[in-house]
Each structure stands twice: as structure tokens, then as C-alpha cells.
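Protein chains in written order, with my numbering: chain B, 1 to 341; chain P, 1 to 341.
Note that the Cβ used here is the ideal one computed from N, Cα and C, for glycine as well.
Bear in mind the structure is a predicted one, so any value in this text is a computation, not a measurement.
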């Protein structure tokens with residue numbers, strides 16, 4: 001494997017992405033669309049995307065921001081308990097899934113659901129199940145920060161058991177427990193981010209405090225990272241790449257009360273290639289970043305071939321557009337793989 | 001207890017304090033000396049305090065910074081493997097203890113010991129034991145951030161067992177395991193900070209990231225805080241108050257790569273009173289902040305009575321002196337107890 005100097009990824013997909021809106025969208029949109037064939041776009045705008053009108057207009061703004069690139073934004077709705085069957089039937093072909101947030105659990109989730117009781121969620125979930133709309137979930141309780149995902153497991157189990165035909169995606173899993181749970185129900189799947197394959201709480205708070213590595217869910221223990229990495233490297237068929245790349249301007253990261261989110265879009269494919277090469281698993285990378293998602297969501301992405309070459313890539317210190325800016329993970333550092341122009 | 005409106009603390013002692021040097025010392029020194037009778041001063045200057053000359057001159061600078069207050073700085077040396085018996089005998093009456101840092105484990109600890117093997121430490125520890133000089137220890141390994149203190153426990157045990165006459169203080173303990181270990185060896189004692197009685201990792205990284213609550217050892221789990229609080233509230237005789245109040249200028253806290261340390265000196269007695277009142281344990285506060293330390297270290301502090309009154313105290317947003325500044329814990333918030341002028 002030491003002789004590999006180029007590597008091709010077909011139809012790379014980022015199945016969990018935050019593109020925000022306005023100038024931030026114009027800044028970060030192309031940093032995904034120039035390398036990915038498509039991405040599942042999170043609906044946690046202010047206000048969140050809950051109507052067909054908001055959905056279509058957001059999709060249009062994304063397409064404009066990413067114009068010129070072969071790129072499809074797969075949009076989602078922000079879960080609400082009172083979505084009618086008729087509404088969902090009408091909007092079905094314009095979305096790839098619906099994202100459920102417990103209220104207040106992360107950035108712009110204040111209007112999420114206040115109860116995770118299956119009976120409260122039942123009307124919307126039943127319609128989704130019938131219509132074949134996948135459910136994407138931010139699975140954290142409001143308990144102690146290291147336990148939030150584990151404490152959420154019984155909720156995943158109750159939804160998975162109550163709606164066996166509903167495709168459920170545990171978003172951005174961070175624990176060995178979640179990896180294990182994925183195999184327990186046929187309809188449970190998961191995304192994992194790049195940064196949760198790389199870091200633990202040690203990297204955030206073990207030395208000096210590193211706000212650019214602070215995210216939700218927070219990075220966990222070494223044994224958790226190890227379980228996530230194992231599953232990714234073997235391209236576990238129920239696991240997809242979802243960067244959860246989440247831009248916040250520099251001044252909201254390097255401050256008192258810093259916002260949660262790691263920005264990885266412009267480095268994701270290079271670092272994934274580096275990582276899969278290191279563990280001699282390059283043959284599984286295309287399944288992890290594309291094929292698994294195609295099967296789980298049952299769709300055919302736009303054709304796009306990305307060629308990576310073994311050549312130094314110095315990660316920019318900051319990306320800027322008008323008044324917006326964002327600091328990427330590994331800012332200023334040198335990666336060993338580049339994307340061929 | 002609801003009728004308590006004044007409370008007196010006699011000879012309050014802070015048995016773990018960072019005063020730094022230069023203008024920072026001039027800024028923070030008086031914020032301790034105006035309320036405490038004495039404090040055990042940490043030796044991790046740059047360079048660390050390892051000679052009699054450095055020790056006496058630092059003590060003099062502290063006294064000058066705190067001039068006008070009834071206050072005694074109890075100084076310490078920075079542990080070295082090659083301290084001779086003669087040197088320690090000569091310096092004995094000028095120090096209250098010697099502080100041992102594993103190399104690189106916290107602020108200015110780069111020249112700490114690189115091996116915690118008892119045999120490597122033996123010459124200095126043997127002299128200390130014979131001369132009755134207490135050993136203060138920053139007890140963390142360089143393992144995963146949540147496990148560092150627990151992983152250090154076997155080292156405490158081996159030193160405690162090898163030197164039964166040596167008074168050992170586990171500094172700033174943060175775990176239920178350390179509370180338990182304290183009772184296992186007659187010669188093991190501990191300090192606990194104010195902030196570790198109040199916060200968990202949740203307060204640092206559970207919501208937005210809070211650099212002013214980032215410290216080493218990092219705040220742990222709810223059950224750890226609970227064990228520490230129980231021991232403090234009952235004034236466990238082997239446990240002393242040691243604030244570990246550690247000033248860093250604002251720009252080194254609110255930045256990328258923020259330094260570890262919480263600055264609590266100017267609010268410590270007020271918040272402790274609030275806390276002990278809340279749990280109806282005010283009768284134990286004087287033991288926790290003074291009597292226990294007097295017995296463990298076997299010394300008589302300067303007479304000083306501090307009267308607290310139930311009156312709002314708005315914590316300053318920042319303390320400043322010349323080019324130095326520091327943001328205290330609870331900056332801008334209102335405490336229910338004040339120190340009477």
C-alpha cells in the first residue's frame with residue numbers, strides 16, 4: 001500500500017451537513033460542492049425549515065451558492081409533532097428525510113420536540129413510516145455531557161421497535177454503545193463525523209482548551225473513538241459518513257461561551273484518505289463515503305469522480321467571504337493528500 | 001438556619017494558591033491577603049522555586065505585595081530529585097512543604113519529575129520524611145483527561161506505604177476515588193478547591209464552552225462532585241480548603257488554546273459561606289477552611305477574624321493592575337454573602 005500515490009472517490013456524499021444561510025452559506029456551500037456529489041442538509045436555520053415554501057426556497061439558495069458544481073443538496077425538514085400526512089405526502093419528493101432535535105440540545109434547536117415519548121411522536125412517525133421518509137435523530141438527553149448519547153439509547157430502541165418500517169439514522173454517533181446498538185435493530189443506521197474518528201475529549205480539554213474542536217455531541221473516550229474508527233474502516237454497511245461540518249465565525253469560537261461545531265468540509269476527503277490509507281483500508285473508503293448511504297437512503301447520486309493525489313495540502317488558516325469567516329479543523333497544518341484540480 | 005445573617009470565620013487559610021510574580025502578584029496577592037490569614041503558595045514560577053535564595057526573595061515579594069494585611073505566605077519548594085539532606089535541613093524552617101509535579105502536567109511544570117517511581121524519588125522523600133517536611137502532590141498521569149487522577153492512585157499508595165512518616169497531601173482532588181483513598185492511609189490528606197465543589201465537566205463543556213471554568217485537573221462527573229462536597233460539608237478531618245486559584249490574563253483564557261485555571265480568591269469565602277449555609281453545615285466551615293489545615297500541617301496561623309454578612313456582593317467583571325488583568329469565577333454575578341469592611 002505504500003506505493004499508493006493517487007486515489008479516486010466516486011460520488012462522495014456528506015450525509016450530515018450544516019450550510020447555514022446568507023453569506024455564510026455562500027462561503028461554505030462551495031467548500032462542500034466542489035468536492036462532494038451531494039450532501040444531506042440540516043434544517044436548523046433560524047427559523048427552522050418546517051414548510052414546503054421554506055424548504056424549496058432554501059434548496060434554491062443552496063443551489064445558487066453552489067452554482068457551477070456538480071452537486072445536489074438533499075434537504076430535510078425540521079421535525080414537528082403536528083405534521084399532517086397530507087403535508088408530508090406533498091413534500092415527500094423534495095426531502096430525503098426529517099431531522100428530529102430534542103429541544104435546546106444543540107445550535108438552533110430551541111424549537112425541537114420537548115418530549116421524546118413515542119406516543120407523542122407517533123402521528124408524525126407513523127406518516128413518515130407509511131410514506132417511506134427516513135428519520136434523522138440528534139440522539140442526546142440533557143444529562144451529564146459524557147452520558148447524553150448513552151442515555152438516549154432506550155429512546156432509539158423504543159422508536160426502532162415501534163416503527164420497524166421506519167428508516168432511522170442515529171446522527172453523528174460518538175460512543176461504542178451506539179456502534180453496538182446499530183446492529184440490534186434492522187432499521188437503525190448511523191452517521192459518524194470525521195472529527196469523532198480522530199479526536200477524544202483529550203484533544204478538546206486534555207491540554208490547553210481547544211474551542212475549534214468543541215462540538216456536540218462532545219468527543220468521548222479513547223475506547224469510543226476506537227469503536228467508531230473500526231466500524232468506519234471496515235465500512236460497516238449501516239454506517240455512513242456525515243461530517244456534521246458546522247461553521248461558526250471565528251469570534252464565536254475563540255471567546256468566552258464558544259459555540260459547538262467543527263468545520264471540516266474543505267479537508268474531509270483528504271483526511272479520510274489519509275486515515276484509511278494509514279489503516280490500510282482504502283478499499284473500503286468509497287463504501288463509507290458513498291455506497292452505504294446510497295443503499296440506506298435508496299437513491300442514485302450525481303456522477304462525480306474526485307481524484308486525490310499524494311501531495312502536501314496546507315490547510316488555510318481561515319476561509320472568508322464578505323463579513324463571514326470560519327476556521328477549519330487543522331488550520332495551518334499540512335495534510336499529505338490533496339484534491340487534484 | 002434561615003435566620004443567619006452574619007457569620008464569622010477565624011484564621012481562614014487557603015492551602016493551595018498561585019500568586020505568580022511581578023505585576024500579577026501585585027494584582028492578585030491582596031485579593032487573598034485581605035481576607036485570608038495565610039496561604040500555601042505554589043512554587044511553579046518561571047523558573048520554579050528550587051533554591052533558598054529564590055524562596056526567600058519570592059516570600060519577600062509576596063509580603064511586599066500584601067503589605068498592610070495580616071497575612072502569612074507559607075512558601076513551598078518545587079520538588080527535585082537531587083535535593084540534599086543538608087539543603088532541606090537548612091531550608092526547613094522557611095517552607096511549609098515541597099510540591100511535586102509530574103513533568104509537563106500543568107502550568108509551568110515542565111521541569112517537574114519525569115518518573116514517579118518511588119525508588120527514583122526516594123532520596124528526597126527520605127530526607128523530607130526525616131525532617132518532617134510535608135509533600136504536596138499534583139496527582140495526575142498523562143492518560144485520558146477523565147482518568148488521570150484515578151490512574152495516579154497507585155502512585156499515591158506506593159509513596160504513602162513506603163514513607164509512613166511522611167505527611168502527603170493529594171492536591172486539588174476531583175474524584176470520589178480520591179476521597180475514598182484519603183481514608184486508606186494515615187499519612188494521606190487532601191485539598192479540594194471551591195470550583196470542584198461547585199462544577200462538573202457539564203459546566204465547562206456541556207453547554208457553550210466556558211474557558212473560565214477550564215482547569216487542571218478538569219472538573220469530573222456529578223458523582224465525583226457529590227463525594228467531594230459531602231467530605232467538605234462534614235469537614236472531613238483529612239481534607240483542607242485549597243482554592244488552587246490560578247490567575248491567567250483574560251486574553252489567555254478567552255482564546256484558542258486557553259490556559260487552565262479558575263480564579264476564585266476574591267469570592268472564595270463568600271461562596272463557601274453560601275454553600276455551607278445552603279447545606280446547613282455552617283458549623284463545619286471553620287474546620288474546613290482553617291482548623292483541619294492547622295492540625296495536618298501542625299502550625300498556628302496569624303489571628304484574623306473575617307465577618308461575613310448576608311448582603312449582595314456583585315462580583316467584578318475583571319480585576320486589573322497596570323497591564324495585568326484577571327477574570328474571576330462568577331464575574332458579573334451576584335453572591336448572597338459579602339465580607340464586612
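Taking the C-alpha atoms as reference points, what is the distance between residue i and residue j?
i: residue 277 (chain P); j: residue 276 (chain B); result: 57 angstroms
i: residue 320 (chain B); j: residue 197 (chain B); result: 27 angstroms
i: residue 324 (chain B); j: residue 250 (chain B); result: 9 angstroms
i: residue 347 (chain B); j: residue 115 (chain B); result: With chain B represented from 1 up to 341, any question about residue 347 (chain B) goes unanswered, as that position is not in the structure.
i: residue 177 (chain P); j: residue 240 (chain P); result: 17 angstroms
i: residue 1 (chain P); j: residue 234 (chain P); result: Confidence at residue 1 (chain P) is low in this model, with a pLDDT of 46, below 50, so the placement of that residue should be treated as unreliable; the coordinate-derived value is given next. The straight-line gap from Cα to Cα measures roughly 16 angstroms.
i: residue 47 (chain B); j: residue 61 (chain B); result: 15 angstroms
i: residue 311 (chain P); j: residue 143 (chain B); result: 34 angstroms
i: residue 37 (chain B); j: residue 229 (chain B); result: 24 angstroms
i: residue 201 (chain P); j: residue 70 (chain B); result: 43 angstroms
i: residue 218 (chain B); j: residue 145 (chain B); result: 7 angstroms
i: residue 186 (chain B); j: residue 167 (chain B); result: 9 angstroms
i: residue 133 (chain P); j: residue 195 (chain B); result: 47 angstroms
i: residue 270 (chain P); j: residue 184 (chain P); result: 32 angstroms
i: residue 308 (chain P); j: residue 159 (chain B); result: 54 angstroms
i: residue 171 (chain B); j: residue 224 (chain P); result: 30 angstroms
i: residue 103 (chain B); j: residue 193 (chain B); result: 22 angstroms
i: residue 261 (chain B); j: residue 108 (chain B); result: 12 angstroms
i: residue 93 (chain P); j: residue 32 (chain P); result: 23 angstroms
Which chain B residues are close to residue i, counting only those with a beta carbon under 9 angstroms from its beta carbon?
i: residue 161 (chain P); result: Near residue 161 (chain P) there are no residues of chain B at all, since even the closest Cβ is about 30 angstroms away, more than 9 angstroms.
i: residue 46 (chain P); result: Going along chain B, no residue has its Cβ under 9 angstroms from residue 46 (chain P), so there is no contact; the nearest lies around 17 angstroms.
i: residue 198 (chain P); result: Within chain B, no residue comes near residue 198 (chain P); the closest Cβ sits about 15 angstroms away, beyond 9 angstroms.
i: residue 214 (chain P); result: 205, 208 and 209
i: residue 201 (chain P); result: 144, 145, 146, 201, 205 and 218
Should residue i be labelled buried (16 or more other beta-carbon atoms within 10 Å of its own) or exposed?
i: residue 199 (chain B); result: buried
i: residue 91 (chain P); result: buried
i: residue 175 (chain B); result: buried
i: residue 242 (chain P); result: buried
i: residue 124 (chain B); result: buried
i: residue 44 (chain B); result: buried
i: residue 5 (chain P); result: exposed
i: residue 299 (chain P); result: exposed
i: residue 259 (chain P); result: buried
i: residue 22 (chain P); result: exposed
i: residue 161 (chain B); result: exposed
i: residue 334 (chain P); result: exposed
i: residue 149 (chain B); result: buried
i: residue 41 (chain B); result: buried
i: residue 303 (chain B); result: exposed
i: residue 154 (chain B); result: exposed
i: residue 11 (chain P); result: buried
i: residue 79 (chain B); result: buried
Using a cut-off of 8 angstroms between C-beta atoms, extract the partners of residue i located in chain B.
i: residue 222 (chain P); result: 144
i: residue 210 (chain P); result: 256 and 257
i: residue 204 (chain P); result: 205
Could you tell me which residues DSSP puts in a beta bridge with residue i?
i: residue 174 (chain P); result: Its beta-bridge partners do not exist; DSSP assigns none.
i: residue 102 (chain P); result: P:113
i: residue 74 (chain P); result: P:40
i: residue 258 (chain B); result: P:209
i: residue 320 (chain P); result: P:325
i: residue 135 (chain P); result: P:98 and P:168
i: residue 313 (chain P); result: P:335
i: residue 125 (chain B); result: In DSSP, residue 125 (chain B) forms no bridge with anything.
i: residue 306 (chain P); result: P:9
Which residues in chain P have a C-beta closer than 8 angstroms to the C-beta of residue i? List them in chain order.
i: residue 232 (chain B); result: Ordered by position in chain P, no residue passes the 8 angstroms Cβ test against residue 232 (chain B), which lies about 21 angstroms from the chain.
Between residue i and the ligand HEM, is the CB less than 6 angstroms from at least one heavy atom?
i: residue 260 (chain B); result: Ligands in the displayed structure: none, and consequently the ligand HEM is not present.
Can you pull the chain P residues whose beta carbon is under 7 angstroms from the beta carbon of residue i, in chain order?
i: residue 218 (chain B); result: 205
Under 7 angstroms, Cβ to Cβ, is there at least one residue of chain D near residue i?
i: residue 334 (chain B); result: Structure shown: chain D not included; protein chains present are B and P.
Quick check for students: name the residue ranges of the beta strand (DSSP E) that lie wholly in the region 173 to 248 of chain P, counting only runs of 3 or more. Within the region 173 to 248 of chain P, the complete beta strand (DSSP E) runs of at least 3 residues are 188 to 192 and 239 to 241.
Counting only runs of 3+ residues fully inside the region 5 to 34 of chain P, write out the beta strand (DSSP E) ranges in chain order. Annotation: the region 5 to 34 of chain P contains the following complete segments of the beta strand (DSSP E) (minimum length 3 residues), in chain order: 6 to 10 and 13 to 17.
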